[in-house]
Every structure is written in C-alpha cells, then in structure tokens.
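In this note's numbering, the protein residues as written are 135 to 448.
The beta-carbon is built from N, C-alpha and C at its ideal position, and this holds for glycine as well.
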C-alpha cells in the first residue's frame, strides 16, 4: 500500500530520495525545506534544490523559519502523514514533530552508523582515509543521529576520490536504501530497529575554512586525504610567494621518500609538481593561484620560474 509521506530535505543530496519516493508511487503530501538564501556575488535569492524539484512535480512546499513555535506542527498535523522522511534537512526536529506521524520519522544519513554522527559524515569519511563509505536509514530520536538503525548500504571509497565525488555517488545509494526501507513499511513488515552502540561513535562536525591550510610536516598520505576531503569546500591551500595557492587534487608520490625539507618543491624528471612532506612526498595534480583559474600542477610549475627548491607554506 502506498504511504502518505511528508518529506523534509534541502540540498542536492536529498533530491534523489524525493524523486525515488515519487517514482515508487508513494504520495508526498508536503515538502519542508529551508528558506531561500542569497547566493553568489550578487546575492541572488535562490531556492534550495529540493524546493525546485518539489515545485516541478506540483508538490506543496513549506519553508518555516522555526520548528518550535507550533506552526510547523500544525501544518504537519493537517497533512496527517504515515511517515516523515528526513534527508539533510538541516534542522533538528523537536519531540512533538518526531511524535506526530503514525509510523515515526525516518532519516537517511550519509555514513555507516554509528561511525559518523553530525553534519559532514561524507567529508570526514574521506578526511580520515576510510576504505568504505555508506548510507543508513534510521528511526529519528531527539539526540543527533542516535536513533535505531534500519538498513545500511555500503560502497568502497576510491583511492583518490574527493568528498564531492563520494557525495555524488552516495546520493543515489541513499535513494536506493530509502526505497527498500519504505517498501518494508508499505508492506506492513516488521521493520528492523537496531540500537546503535554509542561507544563506536565519532563526531563529524561541519567543516571550517581554517581546516584548509596544509602543514607539510605531516605525512603525504594524511595530506592527500585532507586535500581530497576538503574538495570542493573549503579547499586545501598553501602559500607561494605570499599568495594563496589552492590544492585541488593530488596523489601520493609512491616511489619518492622524503628527499627534502617539508614543503620543499622537488626536482622531478617528469616535470610534475612534487612537494616533500614529513613522511614521503606529494604530487600536486591540480592547483589554483588566487585570482587565477585552476590548472594542472605541472603547467603551473613549468610557468613559475625558480619554484623548484623553494619552500611552500608560511
């Protein structure tokens, strides 16, 4: 039997889930999303991706500024959903909303719970150099990402994959995981409820711009994970001649040991932009000098006289 669902989500990560709910034949009686926000240099008021899809499909959209003043609860009661589905909504639901739908509130989370709880699980998966990523559906609780889990799907993390690339792969995987979860509800099956082991939990807080500066005294592997984990935002960076140089992509130089001081640009017969680290060395594949366009590291190195032998960073 199709379910009557209220969907709560905001960014592009949530779009495949909303689309899949509709494809599976469920009724979406309302969509809650964050208010439109100014975007770009000219601060153009822009709707969230979820709102764009909802309006395209003729769905009712609600953008309450607050969830605790009773307005959202009144709307929700009027929609009378069987289930509320939450995907990257960006707000913590109060107890009265969690208790409102007949079957509860289900969340799609971008990690193998309880591994990462918080706002940036995908980015921290890459930053920490994990081999496996995944998505989990769970019953929501008042404590952040601590509810009983229902279903988990996993995928290997590719060797040089950025968090942005992993994000794009996990979004449709989340839609598949949600589809199978809703199928259990719709068929009236006993839906699994697996309590999380809080002792295995790690926090995955929002990223900050201050995380971007590279410290080349670290190992090449750790720096490589930081570069790909901070791509596309806030981006890793170092300095060259007092100017900021973003490092967008890299690989660990497997055959090179620490042949120079940390941060030193090494001579390489292939013309690659190789930098010594505390342990090993790193090849900077794509860089962007402030005020310039992104370019291959080898091209930047070839066009910058006297950089070999110099030291990057402050």
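With a threshold of 16 other beta carbon atoms within 10 Å, residue 266 falls short and is exposed. Looking at the DSSP output, residue 143 sits in a beta bridge with 221. Per the DSSP secondary-structure output, residue 255 pairs with nothing in a beta bridge. With respect to the C-alpha of residue 327, the residue from 286, 301, 447, 300 having the closest C-alpha is 286. Secondary structure note for residue 329: it is in no beta strand (DSSP E), with a DSSP letter that is neither H nor E. One Cα belongs to residue 167, the other to residue 151, and the distance between them is close to 14 Å. With a 10 Å radius around the Cβ and a threshold of 16 neighbouring Cβ atoms, residue 330 comes out buried.
Excluding five sequence positions before and after residue 436, the CB atoms of its chain that fall closer than 7 Å to its own CB belong to 405, given in chain order.
For the set 407, 215, 276, 220, the Cα lying nearest the Cα of residue 229 is the one of 276. Between residue 164 and residue 280, the alpha-carbon positions lie close to 25 Å from each other. With contacts defined by Cβ atoms closer than 8 Å, residue 162 and residue 147 do not form a contacting pair. Short of 8 Å from the beta carbon of residue 256, and not among the five residues preceding or following it, lie these beta carbons of its own chain, in chain order: 244, 245, 267, 297, 300, 301, 304.
Secondary structure note for residue 342: it is in no beta strand (DSSP E), with a DSSP letter that is neither H nor E. Rounded to whole angstroms, the gap between the alpha carbons of residue 235 and residue 434 is 57 Å.
With respect to the 8 Å criterion, residue 251 and residue 356 are not classified as neighbours on the basis of their beta carbons. Assignment of residue 318 by DSSP, reduced to helix, strand and coil, places it in the helix class. In the three-state scheme derived from DSSP, where H, G and I count as helix and E and B as strand, residue 358 is classed as helix. Your pair residue 248 and residue 334 checks out as a contact, with CB atoms roughly 5 Å apart and the cut at 8 Å.
Residue 401 counts as exposed, since fewer than 16 other beta carbons sit within 10 angstroms of its beta carbon.
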